[in-house]
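Residue numbers (our numbering): 1 to 275.
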Amino acid sequence: MEIIPLTALLPADLDPSAFKVHFAVWNGITQPMDALASSQEQWQAWQMWRGAKDDFNRDFIFSLAQDKNDLTLWLFGGIWKVLERRPEPRADSYTVELREDLMGPFIRRLIIRHKLVGRNRRRSMETVLPAMSVSSILEEPFAGEPFPGHDRINHSLSDLQAVVAQARADWRIALESMKGVYVIHDKETGQRYVGSAYGDTGIWHRWATYATTLHGGNVGLRELVEAKGEEYYRTNMRFALLEYWSMRTDDAHVLERESYWKEVLHARSLGHNKN
């Protein structure tokens, strides 16, 4: 298949020397594609941040969010006009404005392929443009990761927080009317916590509580957050469903299966369950 250079889609009068390309990557807490999908305000904040240097020292920012599964793919996040620069480093020192008249229909739809070399994430456009190509154009604007199926969930707390923040209907509908037993495992240590959703509380509501509080009110998980820190917890704690049933399922059955999985996975003796 013939490669389509990005230049083929750019406005004819676009001057690369007036642009910095912002290759936004994971900041240790949030994936950039999740920020872009969540809200324009959240994504705008990524363009306002100044590091140690005045990297956005040109009139415009060509913003891109890195795909968390394929690091050579980037989702277009719009062209931002730099209205003001303040000297404070490591702060929101730029005032920016989205220029929807410049490639607005491609925002959250255009996927660009580019292998970024080096640590600099804010590049002069003319130096990287020759190596940037069009990978695909989505039919609809990217709105976050779609629901993978009940038996395909293996997501970090950070992933879960993004889904809850976006209030994705496919995730919510699939999980809010289901009871279930789930496991939260630490990918670094292998330690596990087994929990359940029963009564009038479906899995969606229970997991939304974790997204908000991190620990869901559980003693063992609260201790882990305090010991390891929030960044470690968001990154390393992964959620999966062990079993799931309709809301008509008797609570006694759910609790019996929760106890069974605690024993099987040694979640009390070697994990974070305290009961």
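Just so you know, even glycine gets a beta-carbon here, dropped at the ideal spot from N, CA and C.
Practice prompt. Name the two residues that bound the continuous beta strand (DSSP E) containing residue 186.
Written response: 178-186
Practice prompt. For the beta strand (DSSP E) containing residue 124, list its first residue and its last residue.
Written response: 122-124
Worksheet item: CA-CA distance, residue 144 and residue 130?
Response: 29 Å
Discussion item. Determine whether the beta carbon atoms of residue 32 and residue 104 lie at a separation below 9 Å.
Written reply: no
Discussion item. Within the continuous beta strand (DSSP E) that includes residue 135, where are the two ends?
Written reply: 133-137
Item to complete: Evaluate the contact criterion for the region 93-101 versus the region 32-47: three or more CB pairs, one atom per stretch, below 8 Å.
Response: yes
Fill in: Minimum length 3: unbroken beta strand (DSSP E) runs contained in the region 83-113
94-98 and 110-113
Worksheet item: Of the residues 19, 187 and 150, which one's Cα is nearest the Cα of residue 173?
Response: 150
Worksheet entry | DSSP-derived helix/strand/coil call for residue 220 | helix
Item to complete: For residue 61, collect the residues of the same chain with a Cβ closer than 6 Å to its Cβ; drop the 5 residues on either side in sequence, then sort them by chain order.
Response: 20, 22, 47 and 80
Discussion item. Using C-beta distances below 8 Å, list every residue in its chain close to residue 265, excluding the 5 sequence neighbours before and after it, in chain order.
Written reply: 183, 192, 194 and 271
Fill in: Residues near residue 107 in its chain [Cβ-Cβ closer than 8 Å; skip 5 each side]
76, 77, 78, 100 and 141
Worksheet item: How many angstroms separate the CA atom of residue 68 from the CA atom of residue 148?
Response: 16 Å
Item to complete: Could you please give me the residues that DSSP links to residue 245 through a beta bridge?
Response: 179
Worksheet item: To the nearest angstrom, how far is it from the Cα of residue 262 to the Cα of residue 181?
Response: 10 Å
Worksheet item: If residue 90 sits next to residue 35, beta carbons under 8 Å apart, how far is it from one beta carbon to the other, in whole angstroms?
Response: With a Cβ gap of about 18 Å, residue 90 and residue 35 do not count as contacting.
Practice prompt. Kindly give me the distance between the Cβ atoms of residue 217 and residue 273, rounded to whole angstroms, as I take these residues to be in contact under 8 Å.
Written response: Not quite, the Cβ-Cβ distance comes to about 13 Å (not below 8 Å), so this is no contact.
Item to complete: Could you pull the start and end residues of the alpha helix (DSSP H) that residue 165 belongs to?
Response: 157-166
Worksheet item: Cα-Cα, which of 175, 83, 249 and 64 is closest to residue 240?
Response: 175
Worksheet item: What does a CB cutoff of less than 7 Å around residue 136 pick up in its chain, not counting 5 residues either side in sequence?
Response: 111
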